[in-house]
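The sequence shown begins at 7 in the numbering used here and counts up by one.
First the structure, in the form of structure tokens, and then the observations on it.
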Amino acid sequence: MNDFDGTFLVRGATGYEEARLGAVWNERKPDRHPDAILLAATDRDVQEGVRWAAARDTRVSVRSGGHSWIGTGVRDGGLLIDLSALDEVVIDAPNRRATVRPAVQGTRFNALLAAEGLVFPSGHCPSVGVGGFLIGGGYGWNSRALGPACFSVEAVDAVLADGTLVHATDDTHPDLMWAVRGSGPGLFAVVTRFHLRVYPAYEQILRSAYVFPYEMRDEVLAWSHETVPDISDSLEMSAKVAFTPGLDRPTTMITAAAFCTPDEGPAMLEPLEKAPFLRHALRTAERLPSSLDDLYALSDALTPKGRRYAVDGVWTDAPVERVLDAGRGVLDGLPNRDSFLLWMLWGGQPTRENACWSTQARLYFSPNALWHDRADDLRNETWAHDSLRALAPLAHGTQFADANPADRPDRGLEAEQAARLELLRHRYDPQGLFRTYLSPKESTTALALRRRIKEIA
Ligand SMILES: Cc1cc2nc3c(=O)[nH]c(=O)nc-3n(C[C@H](O)[C@H](O)[C@H](O)COP(=O)(O)OP(=O)(O)OC[C@H]3O[C@@H](n4cnc5c(N)ncnc54)[C@H](O)[C@@H]3O)c2cc1C
7 MNDFDGTFLV RGATGYEEAR LGAVWNERKP DRHPDAILLA ATDRDVQEGV
57 RWAAARDTRV SVRSGGHSWI GTGVRDGGLL IDLSALDEVV IDAPNRRATV
107 RPAVQGTRFN ALLAAEGLVF PSGHCPSVGV GGFLIGGGYG WNSRALGPAC
157 FSVEAVDAVL ADGTLVHATD DTHPDLMWAV RGSGPGLFAV VTRFHLRVYP
207 AYEQILRSAY VFPYEMRDEV LAWSHETVPD ISDSLEMSAK VAFTPGLDRP
257 TTMITAAAFC TPDEGPAMLE PLEKAPFLRH ALRTAERLPS SLDDLYALSD
307 ALTPKGRRYA VDGVWTDAPV ERVLDAGRGV LDGLPNRDSF LLWMLWGGQP
357 TRENACWSTQ ARLYFSPNAL WHDRADDLRN ETWAHDSLRA LAPLAHGTQF
407 ADANPADRPD RGLEAEQAAR LELLRHRYDP QGLFRTYLSP KESTTALALR
457 RRIKEIA
């Protein structure tokens, strides 16, 4: 009999299928079946789960918030350790520190921090779990100023491949900490607690949004791309090519959120207000006093739960004309009214010695397909993944946040960091207990099915 504080479900047991499907937020669920799922209730469960798998020479995958678009925690065979019950938050306000468990969602974390006058750059969508978000880099609200969220991880508690639970810091486990900060779904440990640096709450958030006719797309996108080096790091600006509710056609929009003091806000938004094409805006909202809750609500409306999603993206430093040219298939091909192209104006950040996080560029170009009907899978997946291939010559890798290496292989780390990660994996996990990045043969998408049919034919 297994000795777990939580629930251990073998394939076929009552509750197994519910747990398997529930491990993936995306309504497009992978057709993969772990041999068993452990709904962990304690750190000891995680340790026992790892030992259980090691004793049977089988493999371990992990789920925290379940927001991997491709359900990378749900694999065929092996044990899925589901951490979704581990969601405590402890805040040390005087020292601006917080300890969070992996399934904590950004909104809840920030609500607790707000009561202490603090904030953290959690993911844009309210329900993203901190586990995969932090390990994957973490592009949160105001990350251009505060850095990718993984830079705020000061220490972790983690279960290693031999089942030991360690408290890791840059002094005690520098290699593990380096890997935690950016290896995405390729980490060779299970993190049960993140010890984070948190920040003083913003005095003000001001938001502006402009919607332009679709025909102005190239002009608007090019302007935003040229402008990003000149704007404040505390101004988060992005553009989208999307349908706008109430307008019966695709549009190009620019949104910006300034995280600021009342004195700074207007000056931060000014470059946008001086854009040469502003008079052509179909809709304008300027300098709206906002809250993080408002921002979460806007993001939630853009990517609601209950849809099928295919998301991907590439970083690029290429001249904007070349991006617009190579990206034409994506930009012209929105598969439906809900899908959108995110033009994320990142600008670039200094990398760090103690973090493997490394692929980035001035611009992140990211198709987000969302739809209802399984019959539309292939069309939407083709748009999200295949049409990005035209940007490959200009690309500088992808974000683990959105990567789908099974259907469009791309690098989420620079070559040097990727090589060091594999060396460390060999040292920390010589038997290969922990799963790593999803491979093409594991994909169960319509795209993968088409690929296999073509191979046979
Ligand atoms: C609607 C939506 C909005 C999003 N918005 C953003 C955004 O604004 N910014 C951004 O950066 N990303 C965003 N993402 C992507 C998201 O951050 C990643 O998918 C991230 O992996 C989700 O973390 P999770 O814990 O919820 O996911 P999970 O599916 O639970 O985890 C994904 C993988 O991460 C690894 N992992 C997770 N937890 C642990 C752990 N405790 N120990 C070891 N490995 C672990 C495992 O390999 C796991 O399979 C968004 C995703 C969605 C669905």
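Virtual Cβ for every residue (Gly too), placed ideally from N, Cα, C.
Residues that DSSP places opposite residue i in a beta bridge
i	result
T105	V96 and H201
F440	V66
Y216	I260 and T290
M222	Paired residues: none, contrary to the question.
D88	L45 and R69
T309	DSSP, once it has assigned bridges, lists no residue as partnering T309.
V247	T258 and L347
N374	V317 and F346
P206	L124
P295	L212
L171	V165
E242	A263
R401	Inspection of the sequence shows that residue 401 is occupied by Ala rather than by Arg. A401 pairs with T322.
V196	V165
G79	BP columns for G79 are empty, so no partner.
G129	G146
L369	T322 and L351
Assumed close pair residue i, residue j - CB separation to whole angstroms, cut-off 8 Å
i	j	result
W389	P373	6 Å
V313	W377	The question names Val, but residue 313 in the sequence shown is Arg. Indeed, because the Cβ distance is near 7 Å, the residues count as touching under 8 Å.
L298	W147	7 Å
V204	L124	5 Å
E448	R81	7 Å
A287	V234	Incorrect: roughly 20 Å between the Cβ atoms, too far for contact.
S240	F265	5 Å
L384	T78	The Cβ separation is near 21 Å, so there is no contact.
P108	V136	6 Å
A29	D93	In fact, because the Cβ distance is near 15 Å, the residues do not count as touching under 8 Å.
S74	P191	7 Å
V66	A59	5 Å
A316	N386	5 Å
M259	A245	7 Å
V56	A167	7 Å
S238	M274	5 Å
T170	A161	T170 to A161, Cβ: 16 Å. No contact.
Residue interval of the alpha helix (DSSP H) (run including residue i)
i	result
W389	D383 to A390
R476	Here the chain covers residues 7 to 463 and nothing more, so residue 476 does not appear.
H432	A421 to Y434
D538	The chain is shown from 7 up to 463; residue 538 falls before or after that span and cannot be answered.
E276	G271 to E279
S149	S149 to L152
E23	Y22 to G28
F139	V136 to I141
V110	Premise fails: V110 is in no alpha helix (DSSP H) and is neither H nor E.
A185	P180 to V186
Rounded C-alpha distance that separates residue i from residue j
i	j	result
N116	K460	48 Å
L193	A396	30 Å
D11	E54	10 Å
W31	G138	13 Å
L337	D323	18 Å
T257	D300	22 Å
A91	V159	21 Å
R50	D163	12 Å
Y434	A42	24 Å
L86	E270	48 Å
W229	T309	26 Å
Q437	A307	43 Å
H432	R213	47 Å
A3	Q366	Here the chain covers residues 7 to 463 and nothing more, so residue 3 does not appear.
G354	Q423	18 Å
E232	L278	12 Å
L227	C131	23 Å
Y220	Y22	47 Å
A463	A425	36 Å
L427	G333	32 Å
E292	A151	22 Å
E225	I141	36 Å
A248	A99	41 Å
The beta strand (DSSP E) enclosing residue i, as first and last residue numbers
i	result
D163	V159 to V165
L15	T13 to V16
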